[in-house]
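Below is one structure, written out as structure tokens; comments come after it.
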Amino acid sequence: MIQDPFQLFIVLLGVVLLSVLLVEKFRFARKLSPVLLILFIGAIVSNTGIITTESPFYTTLIGLAVPFAVCIVLFQVKLTDLTQTGLPLLVAFGIASVGTIAGVLAAGMLLDPFLQGALGAESWKLAGPYTGTYIGGSLNFFALWSGLDIGRPDLFAAANAVDNLTLFPLFAIWIIVPNLLQRFYPVAKLWHQPDAPAAAHPGEKPPPAFKIFDIVALSFMALLIMFVSGWINTEFLSRYIPQLPTILIITTFALVIAQFKFVSRLEGTMELGNLAFYLFFAAIGAMMNFYKAVILSPILFVYVMIIMVVHMLIIYGVGRLFRIDIRVLTMASVATKAGPPTVLALANIKGWKELALPGVAAGLLGYAVGNYAGFAVAYLMKGLLG
483 MIQDPFQLFI
493 VLLGVVLLSV
503 LLVEKFRFAR
513 KLSPVLLILF
523 IGAIVSNTGI
533 ITTESPFYTT
543 LIGLAVPFAV
553 CIVLFQVKLT
563 DLTQTGLPLL
573 VAFGIASVGT
583 IAGVLAAGML
593 LDPFLQGALG
603 AESWKLAGPY
613 TGTYIGGSLN
623 FFALWSGLDI
633 GRPDLFAAAN
643 AVDNLTLFPL
653 FAIWIIVPNL
663 LQRFYPVAKL
673 WHQPDAPAAA
683 HPGEKPPPAF
693 KIFDIVALSF
703 MALLIMFVSG
713 WINTEFLSRY
723 IPQLPTILII
733 TTFALVIAQF
743 KFVSRLEGTM
753 ELGNLAFYLF
763 FAAIGAMMNF
773 YKAVILSPIL
783 FVYVMIIMVV
793 HMLIIYGVGR
803 LFRIDIRVLT
813 MASVATKAGP
823 PTVLALANIK
833 GWKELALPGV
843 AAGLLGYAVG
853 NYAGFAVAYL
863 MKGLLG
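Going by the working numbering, the sequence shown opens with residue 483, and the numbers climb by one from there.
Put into structure tokens, the structure is as follows:
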């Protein structure tokens, strides 16, 4: 059994490489996504005894990979781009976020006796990642899981699998519902979405031309933000706010740095961020217990279904009362849950070209606020549960 940290790192990189290769070569693997493949292959490697399931190296890798990836990905968020969201989609995004928060609180309150079997007295923490992922996508899910110190690789694997698998029925809803209900959604003049300027493929970029300067600059800024954030929290803020997660300070610094023009010219943010997250998934997979993950999945599926139902009822119900275009409501729901890539996919499928760019901007807004909302809702849940 491999236990040496250097050798473990080689194995985890191999797991990531194999998963990415499968996604590039096979259609079935693309449907599963690299995340699920990395978790699954990592778990096979550890559960068959090839590598250890317990090592301080895994904890160290997770503690570095998540904040690094959060920094790198948030470097894409330009607050000036959010002005292109438009008032209708911005209001719809707010309604969708409220729907998410209401759904998470309802699910947590209803299922807490069952959740305590998995998390004990810390069952309230689960509200954080699921609020984050239904406002800002998977980026916030991973950051909040780490920031709230939930741990439990088996629980994470089950939670992440359920979160990813529910995207399939959600996408079906986003495609079908506007066609079925559009005639029942008259649009008020106040909420008319203006046409976006013509663009061939809004939000898409040509393949990045990697430069060593870009990679070094992005990595240096991310690591510096991680160090400064930890130092500020330990030396100053912890005296006044003992429970303040460092990831929130990191998020704030990353968003501030992202507004400088020279940062927007750096290429490779998504690639660097994905690599860091993939290593995080590989470490989680290595620590996972297959049996426990399968046992925990049913209750988490019910938890997510409650969130989805409440979210959909509020976004389409309140949106109908405000007489907002059902296409705008749907795009806001997509932006909160799935982020810019899925926004573009749905806009292309449905032919909603005028909503593609505003939808991408709303997705970036979700990236920016998801961590803050997740921590706020988690501690609200803690208060409600006593």
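Using N, Cα and C, we set each Cβ at its ideal position, and we do this for glycine too. Since the model is a prediction, treat every value here as computed from it, not as a measurement.
Of the listed residues the options, nearest to residue i (C-alpha basis)
i: Ile697; options: Tyr667, Trp713, Met752; result: Met752
i: Leu637; options: Ser579, Gly833, Leu593, Phe772; result: Phe772
i: Thr728; options: Ala736, Gly712, Ala740; result: Gly712
i: Ala639; options: Asn622, Ile658, Ala768; result: Ala768
i: Leu867; options: Pro549, Val505, Ser701, Asp594; result: Asp594
i: Pro487; options: Ala765, Glu506, Phe508, Ser779; result: Ala765
Where the alpha helix (DSSP H) through residue i begins and ends
i: Asp696; result: 694–714
i: Thr535; result: Neither: Thr535 is in no alpha helix (DSSP H) and is coded neither H nor E.
i: Arg665; result: Counting along the chain, Arg665 falls outside any alpha helix (DSSP H), and DSSP gives it neither H nor E.
i: Met770; result: Here Met770 belongs to no alpha helix (DSSP H), and DSSP marks it neither H nor E.
i: Thr734; result: 728–740
i: Arg747; result: Neither: Arg747 is in no alpha helix (DSSP H) and is coded neither H nor E.
i: Val586; result: 569–601
i: Pro611; result: 609–618
i: Glu506; result: 487–507
i: Ile808; result: 808–820
i: Pro840; result: 835–867
Alpha-carbon to alpha-carbon, residue j and residue i
i: Pro679; j: Ala609; result: Because the pLDDT at Pro679 is just 46, under 50, the model does not fix this residue reliably, and the point stays unresolved.
i: Gln664; j: Phe709; result: 51 Å
i: Met591; j: Val851; result: 24 Å
i: Gly618; j: Ser628; result: 16 Å
i: Leu499; j: Thr582; result: 35 Å
i: Leu837; j: Thr818; result: 14 Å
i: Leu661; j: Ala643; result: Note that residue 661 corresponds to Asn in the displayed sequence, not to Leu. Rounded to the nearest angstrom, the two C-alpha atoms are 29 Å apart.
i: Ile797; j: Lys864; result: 25 Å
i: Ile526; j: Phe804; result: 50 Å
i: Phe623; j: Thr615; result: 5 Å
Residue i vs residue j beta-carbon contact at 8 Å
i: Tyr849; j: Leu556; result: yes
i: Thr613; j: Val586; result: yes
i: Leu737; j: Ala699; result: no
i: Val810; j: Ala588; result: no
i: Thr893; j: Gln485; result: One cannot answer for residue 893 here, as it falls past the ends of the chain, which runs 483 to 868.
i: Ile806; j: Val573; result: yes
i: Ala858; j: Ala814; result: no
Presumed contact (8 Å Cβ cut-off) between residue i and residue j, rounded CB distance
i: Val842; j: Leu828; result: Not quite, the Cβ-Cβ distance comes to about 11 Å (not below 8 Å), so this is no contact.
i: Ser579; j: Ala855; result: 7 Å
i: Ile577; j: Ile831; result: Not quite, the Cβ-Cβ distance comes to about 23 Å (not below 8 Å), so this is no contact.
i: Ile732; j: Val552; result: 6 Å
C-beta neighbour in chain B for residue i, strict 8 Å
i: Met752; result: In the displayed structure, chain B is absent; only one protein chain is listed.
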